[in-house]
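Here is the structure we will look at, set down as structure tokens.
Number of protein chains: 6
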Amino acid sequence: MLYAGTFDPITNGHLDIIKRGAKRCDQLIVGVLNNSAKRPFYTAEERAEMIALATDELDNVVIDTFEGLLADYVKANDVDVVIRGLRASMDFEYELVMAQMNARLYGDCVETIFLMTDPANSFVSSSIVKEVFGFGGDVSGLVPPRVLDYMQKRQQD
Amino acid sequence: MLYAGTFDPITNGHLDIIKRGAKRCDQLIVGVLNNSAKRPFYTAEERAEMIALATDELDNVVIDTFEGLLADYVKANDVDVVIRGLRASMDFEYELVMAQMNARLYGDCVETIFLMTDPANSFVSSSIVKEVFGFGGDVSGLVPPRVLDYMQKRQQD
Amino acid sequence: MLYAGTFDPITNGHLDIIKRGAKRCDQLIVGVLNNSAKRPFYTAEERAEMIALATDELDNVVIDTFEGLLADYVKANDVDVVIRGLRASMDFEYELVMAQMNARLYGDCVETIFLMTDPANSFVSSSIVKEVFGFGGDVSGLVPPRVLDYMQKRQQD
Amino acid sequence: MLYAGTFDPITNGHLDIIKRGAKRCDQLIVGVLNNSAKRPFYTAEERAEMIALATDELDNVVIDTFEGLLADYVKANDVDVVIRGLRASMDFEYELVMAQMNARLYGDCVETIFLMTDPANSFVSSSIVKEVFGFGGDVSGLVPPRVLDYMQKRQQD
Amino acid sequence: MLYAGTFDPITNGHLDIIKRGAKRCDQLIVGVLNNSAKRPFYTAEERAEMIALATDELDNVVIDTFEGLLADYVKANDVDVVIRGLRASMDFEYELVMAQMNARLYGDCVETIFLMTDPANSFVSSSIVKEVFGFGGDVSGLVPPRVLDYMQKRQQD
Amino acid sequence: MLYAGTFDPITNGHLDIIKRGAKRCDQLIVGVLNNSAKRPFYTAEERAEMIALATDELDNVVIDTFEGLLADYVKANDVDVVIRGLRASMDFEYELVMAQMNARLYGDCVETIFLMTDPANSFVSSSIVKEVFGFGGDVSGLVPPRVLDYMQKRQQD
């Protein structure tokens, strides 16, 4: 099972999906998209490090980075299920389009499944975390504690 | 894995979800909700018969009927995953609310996962099938052929 | 060109679509759906009379009533274009499904086209008109003046 | 300030809006709509009693029942602000239409203001509470404790 | 009461919200966000000047500019109510997320309230005004007359 | 009749709208917006060439490029109907706003009409085509065959 994204940085919403996915499969790959065109704030390595800190206690989670099309990564790694989180209608429209496109590219061998986010995390996104954190606002409760530590140290460098 | 609904009648959209779900689990229960308050057109038995006709070739699909809360059925049968189909934003809002409610009622032991419908089936629903069929319109291509036969025979009774 | 609906009663929103449609075709049929299952407040004849009052000055508008499937009416009358109004996202989802269903039933010979309602009428619907009018509220400005007269006379009978 | 609705029964989502509204005004009227056409499960008196139990500690909340148009109640009671809760996009579309209609009926003297529900209550509605409770499911946490007691006693009668 | 935004430039939709808000409070602060990352077309000073021209006749409106998080401005200025306008479902999703985030950052002391825009202004936004104006199109009726004068003079400089 | 857009590149979704529009009018102008601010991947000339390849067999389609406001092009060319495709709710919200803005700019002489996309093309957009194609993914079936040839040759230059 694969959970792919930019994770810039990983939030409590992402972590909830990771935990719920990992519970239902043998191994969950968290795939960090290394897409410089998206101009992420943290490098792919930093993002992977933060995910590692957040998922430390989950034995069947492995972290990987990839470039290019998700469909190519999926084929190269024999992924059979891709997992996605859904927060709101606007997520839905985008995810529907991506799922239908990916169904074309993957063929029948891969299924995309969606989990609804916990209502408590429904307003949390990486971009809002970065915006609030960037202006010195409090994002504890939105990201895992060890990720917050990482972000604070990184800010002081 | 459980796929529950009214299935009044089963459509090609439902069948697509059943096939994709059955592929990813040991056994898929198709649970037919026997809710007289919803005033279904076909009885729960008829609806189960049509599902049986449509899923004849799928070895790991079993069909059951139930009353009352989905959460109670889920607990009584040790279901660990409930599967749902998503067609459009309006589905999404309703499904989000139900998933969040069910997460409260189920606890952590059960996960609801969602599959996006194939775009070719995105406009198909049991109610539109019944309306068109009721006025003598052509619903072949919207329901499985053996279900259409069943509906036509039933209409002549 | 056909503009079909329940028109229970015709509103200023409907009239705006009728005027805009009639301007772009040789003849616009306003088709009043006679569907007793929907339990309209006014009879199909009353609804047709109100449309006649509202469209009195439009030379190329004819009014008809029909039962059953729109697709059957369309075929029987050689309609080539069906026109619909869109007010909000919720309209859109429903209309998308109906348009895709009708494209199956009509085949290529008929096209459904949509007009966006004027923002001033975006909140007007037959059901809100009936609710407000039923409690004695002011609906002038929501329905054509001659339709309001008709509703008031009908109420006193 | 007025908060009107059916409250069949009052939920924690309603109570959150009541508390937040009461904090920002001198007096908050909770107006219980007595609309037999909507076939509420509890009578208007029962619904008012449950609200009274839930708002016992809020000094500036008064409870009233009314029939007919909200706009008429608003005028008769010199209400200057009507408060509404918003949970999801589907709420939004409906509320937008009602607010625009009411702006017509009220004139300038009354303003409708909206509060977004707390994410923890975003999936709670009276209808889902009734459905789950009716089948013996657990609705504690969805309604105030004293309302749950009331519902349980009422059920045993 | 605070109404914050980019106002690049102020539109008739904004002005409608300002007027309705100012009517319901002692003092309405219009807070102009000075966020260079958003690359506004007009400087914060120009935007404040245009708001001043548009709100000249409203006695209890004051104009301020701020940088950084809204939550910090709100705390520093003892704001108790933040007001927002809602136009369409897409606004809604975004506003819901921001309101839930801000509820976390503000705590209980601040409430965000929403007003639905007048249907006549539902399609008006600063970005569409800038696009149409930039190509020489007519935006009278979308912005206050004195703001249009300002924009035209500014264009000739 | 005018169908305007960026067409960067033309997709099967666009071509479906072109075919359906061309069937209902004497002449369909496909207007290619030459807007450098949008940073299209292909030049306006390349985009027009691809449309010419895709519409080769449609006798009443002419291709043109334009800059600036659609409303100005519409007036200068005596266009009476502008045609648009609708795929999903998010399209709808944007298109509603543009249609209402354009109704202001055009006046009564021009009508915007909308066609719902074929469900099979509902997930196809120029941007997803470019993203998948750019990473070497398979976009046959998403764009017309001769357009795919063009894109492949262009890539090798």
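Top to bottom, those sequences are chains A, B, C, D, E and F. Using my numbering, you'd call the opening residue of the first sequence number 1 and step up by one each time. Using my numbering, you'd call the opening residue of the second sequence number 1001 and step up by one each time. Using my numbering, you'd call the opening residue of the third sequence number 2001 and step up by one each time. Using my numbering, you'd call the opening residue of the fourth sequence number 3001 and step up by one each time. Using my numbering, you'd call the opening residue of the fifth sequence number 4001 and step up by one each time. Using my numbering, you'd call the opening residue of the sixth sequence number 5001 and step up by one each time. The beta carbon of each residue, even a glycine, is placed where N, CA and C say it ideally should be. All values derive from a computational prediction rather than experimental measurement.
Select from the segment 3100-3122 of chain D all residues with a C-beta closer than 7 Å to any C-beta belonging to chain A, and list them in chain order. P3119, A3120, S3122
Whole-Å CB distance - L2058 of chain C paired with I2018 of chain C, under 8 Å assumed: Here residue 2058 of chain C refers to the residue found at position 58 when the third sequence is read from its first residue. Here residue 2018 of chain C refers to the residue found at position 18 when the third sequence is read from its first residue. Rounded, the Cβ-Cβ distance is 7 Å, consistent with contact.
Using the C-alpha atoms, what's the distance from C1025 of chain B back to D1080 of chain B? Numbered from its first residue, the second sequence carries residue 1080 of chain B at position 80. Numbered from its first residue, the second sequence carries residue 1025 of chain B at position 25. In a straight line, the C-alpha of D1080 of chain B is about 11 Å away from that of C1025 of chain B.
For Y951 of chain B, does the three-state DSSP call read helix, strand or coil? The shown model of chain B, from 1001 to 1157, leaves out residue 951 of chain B, and the question about it has no answer.
Cβ neighbours of L2105 of chain C in the same chain (closer than 6 Å, five flanking residues each side left out): By 1-based counting over the third sequence, the position of residue 2105 of chain C is 105. Cβ neighbours of L2105 of chain C beyond the five flanking positions: A2071.
Would you kindly work out how many angstroms separate the C-alpha atoms of V1030 of chain B and M1101 of chain B, rounded to a whole number? Against the second sequence, residue 1030 of chain B aligns to sequence position 30. Against the second sequence, residue 1101 of chain B aligns to sequence position 101. Using only the alpha carbons, I get a separation of about 21 Å.
Element boundaries [beta strand (DSSP E), containing G5163 of chain F]: In the structure displayed, chain F extends from 5001 to 5157; residue 5163 of chain F sits before or after that span and is not available.
Just to confirm the assignment, what range does the alpha helix (DSSP H) spanning E3046 of chain D have? Translated into the one-based positions of the fourth sequence, residue 3046 of chain D becomes position 46. Run containing E3046 of chain D: 3044-3054, per the alpha helix (DSSP H) assignment.
Contact belief for L5115 of chain F with R5020 of chain F at Cβ below 8 Å, rounded distance in angstroms: Here the question's residue 5115 of chain F lines up with position 115 in the sixth sequence. Here the question's residue 5020 of chain F lines up with position 20 in the sixth sequence. Sure, about 6 Å apart at Cβ, within 8 Å.
Hey, could you find the ends of the beta strand (DSSP E) L4115 of chain E is sitting in? As a first step, residue 4115 of chain E must be located in the fifth sequence, where it is residue number 115. Element bounds for L4115 of chain E: 4111-4116.
Pairs of beta-carbons, one from the segment 1032-1051 of chain B and one from the segment 119-137 of chain A, closer than 8 Å: are there three or more? no
DSSP three-state label for R4084 of chain E, please. Numbered from its first residue, the fifth sequence carries residue 4084 of chain E at position 84. R4084 of chain E falls in the strand class under three-state DSSP.
So the alpha helix (DSSP H) I1029 of chain B belongs to, where does it begin and stop? As a first step, residue 1029 of chain B is located in the second sequence; it is residue number 29 there, counting from the start. That residue, I1029 of chain B, is in no alpha helix (DSSP H); its beta strand (DSSP E) goes 1028-1033.
Candidates E:I4083, E:L4148, E:V4110: which alpha carbon is nearest E3111 of chain D's? Residue mapping note: residue 3111 of chain D aligns to position 111 of the fourth sequence, counting from 1. Residue E:I4083 is the option with its Cα nearest to E3111 of chain D.
Can E5045 of chain F and R5154 of chain F be called in contact, C-beta distance under 8 Å? Taking the sixth sequence and counting its residues from 1, one reaches residue 5045 of chain F at position 45. Taking the sixth sequence and counting its residues from 1, one reaches residue 5154 of chain F at position 154. Going by C-beta atoms, E5045 of chain F is not nearer than 8 Å to R5154 of chain F.
State buried or exposed for A76 of chain A, treating a residue as buried only when at least 16 other CB atoms are found within 10 Å of its CB. Taking the first residue of the first sequence as 1, we reach residue 76 of chain A at position 76. Exposed, by the Cβ-count rule.
In the segment 4068-4083 of chain E, which residues sit with their C-beta less than 9 Å from some C-beta in chain D, listed in chain order? D4080, V4081, I4083
Just to confirm before moving on: does the CB-CB distance between V5097 of chain F and I5063 of chain F stay below 8 Å? Stepping through the sixth sequence from its first residue, residue 5097 of chain F is reached at position 97. Stepping through the sixth sequence from its first residue, residue 5063 of chain F is reached at position 63. Against a cut-off of 8 Å, the Cβ pair of I5063 of chain F and V5097 of chain F comes out as no contact.
Three-state class that DSSP yields for F2066 of chain C in the structure shown: For this step, residue 2066 of chain C is matched to residue 66 along the third sequence. The answer is strand: DSSP assigns F2066 of chain C an E or B state.
Tell me, please, which residues DSSP counts as bridged to S140 of chain A. The residue labelled residue 140 of chain A in the question sits at position 140 within the first sequence. Answer is A:V143.
Do K5130 of chain F and F5041 of chain F have their beta-carbon atoms positioned less than 8 Å apart in this structure? For the purposes of this step, residue 5041 of chain F is identified with residue 41 of the sixth sequence, where counting begins at 1. For the purposes of this step, residue 5130 of chain F is identified with residue 130 of the sixth sequence, where counting begins at 1. For F5041 of chain F and K5130 of chain F, yes; Cβs fall inside 8 Å.
When A:L69, A:T55, A:M50, A:T11 are compared against I5128 of chain F, the one with the closest alpha-carbon: Position 128 of the sixth sequence, counted from the start, is the residue given in the question as residue 5128 of chain F. Among A:L69, A:T55, A:M50, A:T11, the Cα nearest to that of I5128 of chain F belongs to A:L69.
What are the start and end residues of the alpha helix (DSSP H) that includes R1176 of chain B? Outside the shown range of chain B, which is 1001 to 1157, sits residue 1176 of chain B, and nothing can be said about it.
Assuming N5012 of chain F and P5119 of chain F make a contact with CB atoms under 8 Å, what is their CB distance in whole Å? Here the question's residue 5012 of chain F lines up with position 12 in the sixth sequence. Here the question's residue 5119 of chain F lines up with position 119 in the sixth sequence. Contact flag wrong, Cβ pair sits at about 12 Å.
Could you spell out the range, first to last residue, of the alpha helix (DSSP H) harbouring K5130 of chain F? Taking the sixth sequence and counting its residues from 1, the one referred to as residue 5130 of chain F is at position 130. Per DSSP, K5130 of chain F belongs to the alpha helix (DSSP H) from 5126-5134.
For V5061 of chain F, which residues does DSSP report across the bridge? As a working mapping, residue 5061 of chain F is identified with position 61 in the sixth sequence. Per DSSP, F:L5028.
CB V3147 of chain D to CB I3010 of chain D, shorter than 8 Å? Within the fourth sequence, residue 3147 of chain D is the residue found at index 147, counting from 1. Within the fourth sequence, residue 3010 of chain D is the residue found at index 10, counting from 1. Taking 8 Å as the Cβ cut-off, V3147 of chain D and I3010 of chain D qualify as a contacting pair.
Verify whether the separation of the beta carbon atoms of F133 of chain A and M151 of chain A is less than 8 Å. The residue given as residue 133 of chain A occupies position 133 in the first sequence. The residue given as residue 151 of chain A occupies position 151 in the first sequence. Closer than 8 Å, so yes.
Are the CB atoms of L2002 of chain C and V2074 of chain C within a distance shorter than 8 Å? Translated into positions along the third sequence, residue 2074 of chain C becomes position 74. Translated into positions along the third sequence, residue 2002 of chain C becomes position 2. Yes. Within cutoff.
If we cut at 8 Å on Cβ distances, does I2018 of chain C have a partner in chain D? To locate residue 2018 of chain C, count along the third sequence from 1; it is residue 18. Not one chain D Cβ lies under 8 Å of I2018 of chain C.
Quick one: which chain F residues come within Cβ less than 8 Å of G4085 of chain E? Residue 4085 of chain E sits at position 85 when you count from the first residue of the fifth sequence. Within 8 Å Cβ-Cβ: nothing; G4085 of chain E doesn't reach chain F, min ~14 Å.
Along chain A, in chain order, which residues have C-beta atoms closer than 7 Å to that of L1096 of chain B? Within the second sequence, residue 1096 of chain B is the residue found at index 96, counting from 1. Chain A residues near L1096 of chain B: M116.
By the three-class DSSP mapping on this structure, what secondary structure does P3040 of chain D have? By 1-based counting over the fourth sequence, the position of residue 3040 of chain D is 40. Coil at P3040 of chain D, not helix or strand.
For G3107 of chain D, is the classification buried or exposed, using 16 other Cβ atoms within 10 angstroms of its Cβ as the cut-off for buried? If you number the fourth sequence from 1, residue 3107 of chain D lands on position 107. By the neighbour-count rule (16 or more Cβ atoms within 10 Å), G3107 of chain D is not buried but exposed.
My guess is that E95 of chain A and A5088 of chain F are in contact by the Cβ rule of under 8 Å, so how many angstroms apart are they, rounded? Residue 95 of chain A sits at position 95 when you count from the first residue of the first sequence. Residue 5088 of chain F sits at position 88 when you count from the first residue of the sixth sequence. Not quite, the Cβ-Cβ distance comes to about 11 Å (not below 8 Å), so this is no contact.
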